[in-house]
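Participant: Can you keep this structure in mind? I'll have questions shortly.
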DNA sequence: CTGAAAGCGCTTACAG
DNA sequence: CTGAAAGCGCTTACAG
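Residue numbers (my numbering), protein chains in the order written: chain A, 1 to 342; chain B, 343 to 684.
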């Protein structure tokens with residue numbers, strides 16, 4: 001008993017009017033096109049009665065619009081991305097758009113494949129955390145006048161819309177905060193992904209360390225190292241080989257997770273005295289013992305800005321819309337982990 | 343300089359063959375339809391040269407298929423759902439499907455709206471954590487022979503595909519574990535959402551408590567209580583009013599988060615002695631102090647099963663495909679929080 | 001105030 | 001071995 005779906009034509013036939021008229025009425029252009037009030041009423045009522053739902057695929061084919069926005073993040077299961085994804089979703093649905101989430105795992109190939117996949121579906125816009133190697137793909141998307149806004153990172157040599165935070169200053173301030181709290185041997189644990197966000201965090205850290213004439217000590221964990229166990233081993237060895245370290249700044253919340261696991265298991269006593277600061281906040285850092293100081297990004301505002309930019313870029317003529325490059329400031333949430341314990 | 347996209351027709355014209363032939367060749371039916379090898383080669387080469395990408399929207403309109411699967415969870419920013427979403431995404435892409443994630447926030451209205459939204463786009467299948475009030479919507483989806491599989495919870499009085507865990511036994515075992523470790527006044531902190539998963543967890547808890555003749559003590563936090571502060575206040579009061587409590591089982595990882603925040607802030611000493619056990623594991627529970635014992639669901643296998651069921655249900659004739667109702671077993675991860683400290 | 005017709009870009013039954 | 005034609009369900013320029 002598969003229910004047949006009603007089409008525009010079914011309505012037109014039932015009511016003895018043309019499909020044109022029905023289409024005009026149902027898309028709200030009845031008045032404008034001068035359809036009589038009686039007919040408008042009749043068509044609207046009938047459509048409601050049979051619960052008519054226009055076929056969006058047909059509409060897309062005809063209009064070239066899909067009301068779908070793609071949101072490509074690095075990894076949807078990462079708390080940071082999951083949180084902002086949800087915020088973006090809420091705003092988009094409010095505006096009548098659906099959001100397709102996908103994860104590029106920081107792989108150029110996967111990112112390119114995904115974009116090509118979606119461009120075949122006439123997606124209306126893209127919110128993307130780009131991988132380093134898709135500069136040209138982004139460029140051709142823009143050449144085709146598809147709305148794109150980058151997020152979390154960008155390409156310094158490509159004029160695009162983007163929404164990021166002041167990574168360098170944030171890392172600088174975070175490091176200075178540790179220094180002010182009497183830490184002198186501060187490590188940076190980062191990933192080897194070459195992106196603006198990461199490289200700026202590294203810069204900020206080094207800037208602060210150099211300013212005070214302290215020693216830099218950077219561990220760069222390979223992003224390709226997928227095994228959590230190996231990742232933890234690398235971090236463990238780093239801290240074993242550098243017993244002088246009295247504090248650490250983690251460049252991503254993922255590394256912090258791994259680091260905290262290592263500390264808890266292998267250096268419970270050392271952890272008590274270690275200054276710890278992480279990029280990207282979440283509840284768990286708050287309830288950790290010690291509670292972890294964190295550089296917090298204003299996710300809500302960022303999500304709003306991202307959607308604004310995408311929706312704005314859809315207006316015609318797209319060439320005349322100025323690019324928007326927004327840098328939000330982070331907030332340093334100061335908690336127990338960044339104070340010296342005696 | 344917007345690049346024009348090539349269509350099937352463009353190829354046909356350029357090569358002086360019919361669109362039919364091009365379509366046959368490009369959809370891999372060249373051999374089968376008896377197109378000559380030379381022509382096949384010529385068309386394939388040309389298509390590659392101009393980087394032809396078929397318009398999927400047109401294809402969908404014609405075939406009624408979209409290669410899109412909708413995955414509707416309660417909240418994509420919840421670690422539990424984010425993790426399984428990512429697993430589902432990976433499997434789906436491998437099979438040539440894209441996944442649309444959305445959050446229904448446990449609201450019937452939102453869930454219904456979303457489903458109606460998607461059914462207009464000829465989505466190929468649904469993976470859904472249903473809200474209590476969308477039983478009929480699910481039913482009509484099934485009447486329309488659209489592949490649907492429920493997840494995390496189900497409707498006892500509706501024959502559907504589903505993938506869940508043995509919630510009652512898991513809660514029972516978790517409670518027994520606490521009892522075996524000398525806890526006698528065990529609370530259950532749960533949400534008031536009426537779903538099978540939750541109600542079964544409650545049942546399992548009560549069963550164990552009754553078996554030992556202990557006192558039940560259940561806090562049911564309203565799901566409508568969105569403010570984290572109020573939620574925490576409710577939990578705080580509950581523990582203040584019940585000083586006899588020496589252990590607690592949390593029914594969702596979300597409540598656990600709130601609970602741990604409260605304990606850390608308001609009852610740091612009491613927390614040390616309190617037995618704590620949570621549903622749904624994640625890394626943060628492992629690194630928490632104390633590390634939190636957890637009922638862990640086999641996410642990977644569940645994701646695989648969900649995709650299997652959806653893909654299978656797409657085969658024709660759908661009526662003849664037997665429903666699959668899969669119940670996975672959870673694993674009790676025993677950590678520090680469920681032992682008595684003296 | 002309303003309708004006939006073309007067209008979006010595919011797929012496929014039918015014909016030769 | 002290949003093609004002309006219909007049709008998926010809409011939208012819209014054009015005509016009256």
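Beta carbons: idealized from backbone N, C-alpha and C, even for Gly.
1) Please tell me whether residue 121 of chain A has its Cβ less than 8 angstroms away from any Cβ of chain B.
2) Consider the Cβ of residue 431 of chain B: report whether some Cβ of chain A lies at a distance smaller than 8 angstroms.
3) Which word fits residue 374 of chain B, buried or exposed, when buried means at least 16 other C-beta atoms lie within 10 angstroms of its C-beta?
4) Could you have a look at residue 503 of chain B and say whether DSSP puts it in helix, strand or coil?
5) Comparing the C-beta of residue 76 of chain A with each C-beta of chain B, is any distance below 8 angstroms?
6) Grouping DSSP H, G and I as helix and E and B as strand, with all else coil, what is residue 2 of chain A?
7) Could you tell me the alpha carbon to alpha carbon distance between residue 563 of chain B and residue 211 of chain A, rounded to whole angstroms?
8) How should residue 573 of chain B be labelled, buried or exposed, when 16 other C-beta atoms within 10 angstroms of its C-beta is the threshold for buried?
9) Keeping to the same chain, check which residues put their C-beta closer than 8 angstroms to that of residue 313 of chain A; ignore five residues upstream and five downstream.
10) Under 8 angstroms Cβ to Cβ from residue 500 of chain B, same chain only, skipping five residues before and after it: list those, please.
11) Out of B/422, B/635, B/427, B/349, which has the shortest C-alpha to C-alpha gap to residue 411 of chain B?
12) Once DSSP output is grouped into helix, strand and coil, what is the label at residue 251 of chain A?
13) From which residue to which residue does the beta strand (DSSP E) around residue 571 of chain B run?
14) What residues in the stretch 619-636 of chain B bring their beta carbon closer than 7 angstroms to a beta carbon of chain A?
15) Exposed or buried, residue 571 of chain B, counting other C-beta atoms within 10 Å across all chains shown (16 or more means buried)?
16) Roughly how many angstroms separate the alpha carbons of residue 473 of chain B and residue 592 of chain B, rounded to a whole number?
17) Below 9 angstroms on C-beta distance, what does residue 395 of chain B contact in chain A?
18) I'd like to know if the stretch 609-622 of chain B and the stretch 581-600 of chain B are in contact, where contact means that at least 3 CB-CB pairs between them fall below 8 angstroms.
19) Would a check of beta-carbon distances place residue 495 of chain B closer than 8 angstroms to chain A?
20) Given this structure, state the Cα-to-Cα distance separating residue 465 of chain B from residue 459 of chain B, to the nearest angstrom.
21) Going by DSSP, name the residue or residues bridged to residue 467 of chain B.
22) Is it right to say residue 494 of chain B is buried, meaning 16 or more other beta carbons lie within 10 angstroms of its own, or is it exposed?
23) Report the rounded CA-to-CA distance for residue 67 of chain A versus residue 310 of chain A, giving the unit in angstroms.
24) Please classify residue 336 of chain A as buried or exposed, where buried requires at least 16 other C-beta atoms within 10 Å of its C-beta.
25) Taking CB distances under 8 angstroms as the criterion, tell me whether residue 2 of chain A reaches chain B.
26) Please specify which runs of the alpha helix (DSSP H), each continuous and at least 4 residues long, are wholly inside the stretch 43-122 of chain A, giving them in chain order.
27) Within the 8 angstroms Cβ cut-off, does residue 168 of chain A reach chain B?
28) Since residue 638 of chain B sits in a beta bridge, which residues does DSSP pair it with?
29) Note down the Cα distance separating residue 366 of chain B from residue 388 of chain B, rounded to an integer number of angstroms.
30) Label residue 50 of chain A either buried or exposed according to how many other C-beta atoms from any shown protein chain fall within 10 Å of its C-beta, with 16 as the threshold for buried.
31) Please confirm if the stretch 418-437 of chain B is in contact with the stretch 586-600 of chain B, defined as three or more CB-CB distances below 8 angstroms between the two stretches.
32) If we cut at 8 angstroms on Cβ distances, does residue 559 of chain B have a partner in chain A?
33) Please check if any C-beta of chain A sits within less than 8 angstroms of the C-beta of residue 349 of chain B.
34) What residues in its chain sit with their C-beta under 8 angstroms from that of residue 450 of chain B, if we drop five residues either side in the sequence?
35) Output needed in chain order: residues of the stretch 259-274 of chain A with a Cβ under 7 angstroms from some Cβ in chain B.
36) Listed in chain order, which residues of the stretch 236-252 of chain A have Cβ atoms closer than 9 angstroms to some Cβ of chain B?
Facilitator: Reading from the atomic positions:
1) Taking a beta-carbon distance threshold of 8 angstroms, residue 121 of chain A counts as an interface residue toward chain B.
2) yes
3) That one is exposed.
4) Residue 503 of chain B: strand per DSSP, three-state reduction.
5) yes
6) Interpretation of residue 2 of chain A is limited by its pLDDT of 43, a score under 50 that renders its predicted location unreliable; the figure taken from the coordinates is listed afterwards. In this structure, residue 2 of chain A counts as coil in the three-state DSSP scheme.
7) C-alpha separation (whole angstroms): 51 angstroms.
8) buried
9) 125, 147, 148, 149, 161, 321
10) 477, 480, 481
11) B/427
12) coil
13) Where residue 571 of chain B is concerned, there is no enclosing beta strand (DSSP E), although the alpha helix (DSSP H) it sits in stretches over 570-583.
14) Flagged, chain order: 625, 626, 628, 629, 630, 631.
15) Under this definition residue 571 of chain B is an exposed residue.
16) 21 angstroms
17) 116, 119, 120
18) yes
19) no
20) 10 angstroms
21) Answer is B/411.
22) Residue 494 of chain B should be labelled buried.
23) 12 angstroms
24) exposed
25) In this predicted model, residue 2 of chain A has a pLDDT of only 43, less than 50, meaning its place in the structure is not dependable; the value taken from the coordinates is given anyway. True, the Cβ-Cβ gap to chain B drops below 8 angstroms.
26) 56-63, 79-94, 108-119
27) Chain B contact via Cβ: absent.
28) B/673
29) 15 angstroms
30) exposed
31) yes
32) no
33) So, not an interface residue.
34) Hits under 8 angstroms: 473, 474, 475, 476.
35) 260, 261, 264
36) Interface annotation for the stretch 236-252 of chain A against chain B: empty, criterion Cβ-Cβ distance under 9 angstroms.
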